[in-house]
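Residue numbers (the working numbering), protein chains in the order written: chain A, 316 to 524; chain B, 19 to 402.
For each residue, glycine too, the CB sits at the ideal point set by N, CA and C.
Here the structure comes first, spelled out in structure tokens, and everything after it is commentary.
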Amino acid sequence: MILLLQNSKPNHIHTDQSDIWLNTVSFENENILISAPSGTGKTSIFNILYLNDNQFEGSYLINGTTSNELDDTAISNLRTNGISAIFQDLKLFEELSLLDNILLKNQLTEHYSKDQIDQLIDQLGLKEQTHQSVKTLSHGQRQRVCFIRALCQPFDYIIMDEPFSHLDTANIKVMTEILKEELEYRNANMILLSLEQDYGLAFHKTYHL
Amino acid sequence: MANIQKILWSDKHKRYNNIALLFLIIGLSISFLSLQLSDYSNVIFDQKANADFILVGKKTSFLSSLNGSRNNISKEEIEALNQIECVEEAIGFNSNQFEIKANTEGQFRLSLDIFFESIPDHLLDHVPAAFKWQESQKFIPILVSKEILNIWNFGFSQSQGLPQLDVATVTSIPFKVTIGKDSYESRIVGITNRYPTVLVPHNFLSYANQKYASGRNVMNRAVIKTANSTDPTLQVFIKEHQLDFNQDQILKDKINSALSIMLRIFSGIGMGFLVLSMCILLLQLMLNIEQSKNNIQMLNTIGYSKLVISKSYMKRIYKMMAISVISTLAIGISISYFAIQILQQYLIEIEQILYIKNILVIIAIPAILVLIISRKIKTSLNNF
Numbered sequence: 316m317i318l319l320l321q322n323s324k325p326n327h328i329h330t331d332q333s334d335i336w337l338n339t340v341s342f343e344n345e346n347i348l349i350s351a352p353s354g355t356g357k358t359s360i361f362n363i364l365y366l367n368d369n370q371f372e373g374s375y376l377i378n379g380t381t382s383n384e385l386d387d388t389a390i391s392n393l394r395t396n397g398i399s400a401i402f403q404d405l406k407l408f409e410e411l412s413l414l415d416n417i418l419l420k421n422q423l424t425e426h427y428s429k430d431q432i433d434q435l436i437d438q439l440g441l442k443e444q445t446h447q448s449v450k451t452l453s454h455g456q457r458q459r460v461c462f463i464r465a466l467c468q469p470f471d472y473i474i475m476d477e478p479f480s481h482l483d484t485a486n487i488k489v490m491t492e493i494l495k496e497e498l499e500y501r502n503a504n505m506i507l508l509s510l511e512q513d514y515g516l517a518f519h520k521t522y523h524l
Numbered sequence: 019m020a021n022i023q024k025i026l027w028s029d030k031h032k033r034y035n036n037i038a039l040l041f042l043i044i045g046l047s048i049s050f051l052s053l054q055l056s057d058y059s060n061v062i063f064d065q066k067a068n069a070d071f072i073l074v075g076k077k078t079s080f081l082s083s084l085n086g087s088r089n090n091i092s093k094e095e096i097e098a099l100n101q102i103e104c105v106e107e108a109i110g111f112n113s114n115q116f117e118i119k120a121n122t123e124g125q126f127r128l129s130l131d132i133f134f135e136s137i138p139d140h141l142l143d144h145v146p147a148a149f150k151w152q153e154s155q156k157f158i159p160i161l162v163s164k165e166i167l168n169i170w171n172f173g174f175s176q177s178q179g180l181p182q183l184d185v186a187t188v189t190s191i192p193f194k195v196t197i198g199k200d201s202y203e204s205r206i207v208g209i210t211n212r213y214p215t216v217l218v219p220h221n222f223l224s225y226a227n228q229k230y231a232s233g234r235n236v237m238n239r240a241v242i243k244t245a246n247s248t249d250p251t252l253q254v255f256i257k258e259h260q261l262d263f264n265q266d267q268i269l270k271d272k273i274n275s276a277l278s279i280m281l282r283i284f285s286g287i288g289m290g291f292l293v294l295s296m297c298i299l300l301l302q303l304m305l306n307i308e309q310s311k312n313n314i315q316m317l318n319t320i321g322y323s324k325l326v327i328s329k330s331y332m333k334r335i336y337k338m339m340a341i342s343v344i345s346t347l348a349i350g351i352s353i354s355y356f357a358i359q360i361l362q363q364y365l366i367e368i369e370q371i372l373y374i375k376n377i378l379v380i381i382a383i384p385a386i387l388v389l390i391i392s393r394k395i396k397t398s399l400n401n402f
């Protein structure tokens with residue numbers, strides 16, 4: 316999958332010293348780290364790359380197709396087959412339990428079996444909370460739920476916006492190990508949006524916003 | 019898809035859904051029963067055959083009985099009848115102005131003085147293929163009314179020691195008709211339920227009156243084709259011109275009109291419930307979508323297309339519509355069956371309990387509602 320940003324910049328960002336904004340940047344089967352301090356537009360680049368935001372300067376092309384040309388169905392297809400995401404605000408449904416939040420995605424893609432999901436929940440130390448409402452979970456636990464949900468689909472790129480921000484070292488290690496295995500198994504790549512850290516993950520390129 | 023239903027519908031909206039469903043079932047049931055009862059009333063009042071035709075003749079007075087004078091309907095009166103708004107057509111019967119004798123040969127011999135009347139074919143309820151006559155044709159086809167056949171079977175034949183006749187037998191007996199010195203072959207070719215008389219082709223009677231009565235023709239009575247025999251203008255005319263008519267027909271029409279008005283009101287109430295149900299359903303649906311806006315946007319973000327979300331909403335609507343149709347048919351069929359049982363106690367036979375067209379209407383109404391709701395949901399989701 317090729318993601319190409321051409322002279323892109325969100326309307327509200329004012330900068331002339333960025334590796335990405337107002338430059339031509341191509342992500343092609345590479346692991347990318349986008350590093351930036353708070354307030355420099357990490358979530359903005361996330362929204363552009365994940366097709367959440369269509370109101371920006373320049374253009375964004377996915378496999379040669381401009382983002383403006385994609386309709387709702389095409390975007391949904393990309394979000395279930397091509398690009399997965401871990402959101403900074405997590406986007407979990409508080410009405411549902413931990414398991415139901417994961418199943419909600421998996422029933423759309425039918426990517427994992429129930430046993431595989433149970434195994435991931437167990438690996439990430441959430442077995443006891445499986446049937447608890449996500450309302451009762453800590454932010455760190457929620458981040459892990461969001462991680463499992465992001466894996467419940469085929470993808471070429473997984474875009475992660477501060478996915479480890481509320482996790483302890485042990486949980487980060489488990490999550491990054493699973494991530495490495497999944498990327499290798501799927502022959503996929505990641506784009507990590509982070510303050511400064513690389514969390515021990517290997518990247519082909521690093522960009523600064 | 020249970021999870022997505024939990025996200026899209028709140029318990030509060032489920033309650034409103036149930037109210038809308040109840041109103042939908044009530045509305046559909048009332049509409050279905052109105053249609054069913056309307057069809058039953060058509061059968062009971064035999065509307066297709068007789069409702070629009072009334073027979074009128076001049077009243078016979080004591081004086082006319084004494085002096086033997088005849089009260090005939092004039093051409094001017096027929097023209098005046100045709101001017102009345104509710105009258106589709108009024109036309110006088112031709113009647114024979116000469117003597118006619120009929121006699122049979124074979125197993126039972128019979129000789130009778132008979133009469134003929136005629137009206138144009140388009141006013142007949144039933145025109146058999148053999149009911150045709152051409153000049154020089156020596157066969158006269160005849161239509162008789164069921165009443166005349168009944169008079170024969172239950173009156174005349176008993177007193178004369180003659181056999182009773184069914185329709186098949188009576189239409190197979192040939193007989194001879196003698197007018198003046200001329201003799202014609204004849205046979206009853208069919209039965210009319212509309213006119214209590216003996217009918218021959220209109221062109222034959224015109225020809226015969228010309229030939230045997232020097233063209234003399236008087237109209238003893240007329241048939242009025244009208245959509246509303248209870249129309250006040252028509253009633254005033256009938257009274258002013260001292261016309262005699264079948265009161266039963268008018269009474270039947272009055273009852274039918276009253277029943278028809280009641281069924282329309284009943285049907286209107288049904289429509290009211292349907293509209294109310296539709297309003298509740300749409301309002302709470304729009305409110306639900308508005309209140310679930312964040313969830314819908316999140317679903318869209320994790321990969322649920324608006325089409326899939328719309329289908330999830332429609333899944334519940336389809337379920338509601340299926341429940342409403344099944345419940346309506348169950349209620350409607352039970353009440354229809356019960357109504358028929360009651361009618362049978364009054365010796366009114368309704369052969370067809372259910373009418374396919376009514377069932378189709380009951381399926382079509384929810385189908386239309388589904389289309390409207392589906393469009394509304396898509397529009398609302400596209401606004402996000």
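Shown here, residue 472 of chain A sits in a strand according to DSSP, grouped into three states. Remark: three or more beta-carbon pairs, one from each stretch, lie closer than 8 Å, so the region 151 to 161 of chain B and the region 199 to 218 of chain B are flagged as touching.
A distance below 8 Å separates the beta carbons of residue 44 of chain B and residue 291 of chain B. For residue 359 of chain B, the enclosing alpha helix (DSSP H) stretches over residues 324 to 363. For residue 510 of chain A, the secondary structure class from DSSP, reduced to helix, strand or coil, is coil.
Cβ proximity to chain B below 7 Å picks out 387, 388, 391, 394, 395, 406 from the region 386 to 406 of chain A.
For the beta strand (DSSP E) assignment, the uninterrupted runs of no fewer than 3 residues enclosed by the region 125 to 205 of chain B are, from N- to C-terminal side, 128 to 132, 157 to 163, 192 to 197. Shortest Cα-Cα distance from residue 192 of chain B to any of B:379, B:170, B:121 involves B:121. In the three-state reduction of the DSSP assignment, residue 211 of chain B falls in the coil class, being assigned neither a helical nor a strand state. Closer than 9 Å at the C-beta level to chain A, one finds no residue of the region 333 to 359 of chain B.
Taking a Cβ-Cβ cut-off of 7 Å, the neighbours of residue 419 of chain A in chain B comprise 21, 22, given in sequence order. The straight-line gap separating the alpha-carbon atoms of residue 387 of chain A and residue 308 of chain B is approximately 19 Å. Using a 10 angstroms sphere on the CB of residue 232 of chain B, the tally of other CB atoms stays under 16, which defines it as exposed.
Taking the C-beta atoms as reference points, residue 71 of chain B is found nearer than 8 Å to residue 243 of chain B.
Counting the other Cβ atoms within 10 Å of the Cβ of residue 124 of chain B gives fewer than 16, which makes it exposed. In the DSSP assignment, residue 110 of chain B forms a beta bridge with B:240. Distances from the alpha-carbon of residue 99 of chain B to those of B:261, B:353, B:62, B:324 put B:261 closest. For residue 325 of chain B, at least one C-beta of chain A is nearer than 8 Å to its own C-beta.
Under DSSP, residue 325 of chain A shares a beta bridge with A:371. Against chain A, the CB of residue 313 of chain B has a partner CB under 8 Å away; the residue lies at that interface. Membership of residue 34 of chain B in the alpha helix (DSSP H) is indicated by the continuous run 29 to 62.
The beta carbon of residue 461 of chain A sits closer than 8 Å to the beta carbons of 401, 402, 405, 406, 407, 478 from its chain, once the five residues preceding and following it are set aside; these are given in chain order.
A straight-line Cα-Cα distance of about 37 Å links residue 289 of chain B and residue 141 of chain B.
An exposed status is given to residue 385 of chain B, since fewer than 16 other beta-carbon atoms sit within 10 Å of its beta-carbon. For residue 402 of chain A, there is no enclosing alpha helix (DSSP H), since its DSSP letter is neither H nor E. Boundaries of the beta strand (DSSP E) harbouring residue 75 of chain B: 71 to 76, taken from the DSSP string. Look at residue 462 of chain A here: in three-state DSSP terms it is helix. Shortest Cα-Cα distance from residue 515 of chain A to any of A:328, A:321, A:379, A:346 involves A:346. For residue 122 of chain B, the enclosing beta strand (DSSP E) stretches over residues 118 to 122. Judged by beta-carbon spacing, residue 56 of chain B lies within the 8 Å limit of residue 281 of chain B, meaning their Cβ atoms are closer than that value. Using a Cβ distance threshold of 8 Å, residue 470 of chain A and residue 399 of chain A count as a contacting pair. Less than 8 Å divides the Cβ of residue 341 of chain B from the Cβ of residue 39 of chain B.
In the three-state reduction of the DSSP assignment, residue 222 of chain B falls in the helix class. By the Cβ-count criterion, residue 356 of chain B is exposed, with fewer than 16 other Cβ atoms from all chains shown falling within 10 Å of its own Cβ.
For residue 339 of chain A, the closest alpha carbon among the candidates A:390, A:496, A:319, A:468 is that of A:319. Taking CB atoms only, residue 410 of chain A has a neighbour in chain B less than 8 Å away.
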